[in-house]
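Visitor: Residue numbers (the working numbering): 11 to 262. The structure follows.
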């Protein structure tokens, strides 16, 4: 299954143990706030909130933090006024990039995004300029260690998943967005360990870049991820294992 960049998968693997856990919790809190605001504070009747809470639990976010975020979203506790928006643009080599933000200041967020894209060798574009290159799918990540891929594949398909992509250290399972929760529960019921489950934009087709352009895009993606207002970043670049290894080595 093409499209889910190695960059994003590696960022997720590192993110759970990242020293910047405070920033991660802030982003998770904002997602819970927006979910509660849009669909109510009861997870039983709010699928988006259930997913946001589970994502926070996967990251070991304390229960008190989760409850406070729900209260802020439902209006039972004070909190800043947040807006959510999606922006699209191009990186070096024509890479397509989509960024979701949740911010208390849209103008500041746009200015920071535009600056990051420009400095990263790209440009912030108009709505719709790259969205057509992506589709929304559920993505479940499983640790690969000690797994029999053939047996696991049968379990995953029986659970209702659409596709599976084995990697070196993890396995990615793809579902329809509406099936994500049911597939996760089915796999957990079979004793399958789940690292994460989320709805993401997956590129329909990927593009390959030369090393120079790939490094520019990787630096831009990392810069975007580090912004407080940014919730999610997706691109259509298929980074090779060699390029990822070189980039990781330089970052140490």
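Ideal placement from N, C-alpha and C gives every residue a C-beta, glycine not left out.
By how many angstroms is the C-alpha of residue 142 removed from the C-alpha of residue 26?
Guide: The predicted model places residue 26 with a pLDDT of 48, which falls under 50 and marks its position as unreliable; any figure quoted below should be read in that light. If I take the Cα positions, the gap works out to 30 Å.
Visitor: How long is the line joining the alpha carbons of residue 6 and residue 66, rounded to whole angstroms?
Guide: The question about residue 6 has no answer, for the chain in this structure spans 11 to 262.
Visitor: How would you label residue 229, buried or exposed, when you count the other beta carbons within 10 angstroms and need 16 or more for buried?
Guide: By the neighbour-count rule (16 or more Cβ atoms within 10 Å), residue 229 is buried.
Visitor: From residue 253 to residue 74, what distance separates their C-alpha atoms?
Guide: So the two alpha carbons sit approximately 41 Å from each other.
Visitor: What separation, rounded to the nearest whole angstrom, lies between the Cα atoms of residue 243 and residue 234?
Guide: Cα to Cα, residue 243 sits roughly 7 Å from residue 234.
Visitor: Run the CB neighbour count on residue 14, radius 10 Å, all protein chains shown included, and call it buried at 16 or more, exposed below.
Guide: Interpretation of residue 14 is limited by its pLDDT of 42, a score under 50 that renders its predicted location unreliable; no figure is taken from the coordinates.
Visitor: Suppose contacts are defined by Cβ-Cβ distances below 9 Å. Is residue 38 in contact with residue 69 by that definition?
Guide: Result yes, Cβ atoms of residue 38 and residue 69 sit closer than 9 Å.
Visitor: What did DSSP end up calling residue 219 once you bin it into helix, strand or coil?
Guide: Here residue 219 sits in coil by DSSP.
Visitor: May I ask you to list the residues that DSSP assigns as paired with residue 211?
Guide: Bridge partners of residue 211: 146.
Visitor: According to DSSP, is residue 173 helix, strand or coil?
Guide: Three-state DSSP puts residue 173 in a strand.
Visitor: Measure the CB-CB distance between residue 152 and residue 202 and report whether it falls below 9 Å.
Guide: Cβ distance < 9 Å, so residue 152 and residue 202 count as in contact.
Visitor: I need the straight-line Cα distance from residue 52 to residue 46, nearest angstrom please.
Guide: About 8 Å.
Visitor: Which residues in the same chain have their Cβ closer than 7 Å to the Cβ of residue 76, if we skip the five residues on either side of it in sequence?
Guide: Within the same chain, residue 76 has close Cβ partners 42, 63 and 66.
Visitor: Does the distance from the C-beta atom of residue 99 to that of residue 140 stay below 9 Å?
Guide: Yes.
Visitor: From what residue to what residue does the alpha helix (DSSP H) around residue 201 run?
Guide: Element bounds for residue 201: n/a, residue is neither H nor E.
Visitor: Suppose you measure from the CA of residue 216 to the CA of residue 227; what does that come to, to the nearest Å?
Guide: Cα to Cα, residue 216 sits roughly 14 Å from residue 227.
Visitor: Could you give the distance in angstroms between the alpha-carbon of residue 160 and the alpha-carbon of residue 208?
Guide: The alpha-carbon atoms of residue 160 and residue 208 are separated by roughly 24 Å.
Visitor: Report all residues from its chain with a CB closer than 6 Å to the CB of residue 105; omit the five preceding and five following residues, and keep chain order.
Guide: Closer than 6 Å at the Cβ level, and outside the excluded window around residue 105, lie 227, 245 and 247.
Visitor: Does DSSP put residue 261 in a helix, in a strand, or in coil?
Guide: Three-state result, residue 261: helix.
Visitor: Should residue 188 be labelled buried (16 or more other beta-carbon atoms within 10 Å of its own) or exposed?
Guide: The residue in question, residue 188, is exposed, as its Cβ has fewer than 16 Cβ neighbours within 10 Å.
Visitor: Name the residue from 225, 249 and 204 whose alpha carbon lies nearest to the alpha carbon of residue 182.
Guide: Residue 182 has its Cα closest to that of 204, out of 225, 249 and 204.
Visitor: With residue 114 and residue 96 assumed to form a contact (beta carbons below 8 Å), what rounded beta-carbon distance in angstroms separates them?
Guide: That pair is no contact at about 17 Å.
Visitor: Mind listing, in chain order, the continuous alpha helix (DSSP H) runs of no fewer than 4 residues lying wholly within the segment 87 to 139?
Guide: Taking only runs of at least 4 residues, the alpha helix (DSSP H) segments lying wholly in the segment 87 to 139 are 116 to 129.
Visitor: Could you pull out every residue in the same chain whose Cβ sits closer than 7 Å to the Cβ of residue 93, ignoring the five residues on either side in sequence?
Guide: Answer for residue 93: 113 and 116, listed in chain order.
Visitor: Report, in whole angstroms, the separation of the C-beta atoms of residue 179 and residue 154, which I expect to be a contact under 8 Å.
Guide: 6 Å between Cβ atoms; contact.
Visitor: DSSP state of residue 72, grouped into three classes?
Guide: The answer is coil: DSSP assigns residue 72 none of H, G, I, E or B.
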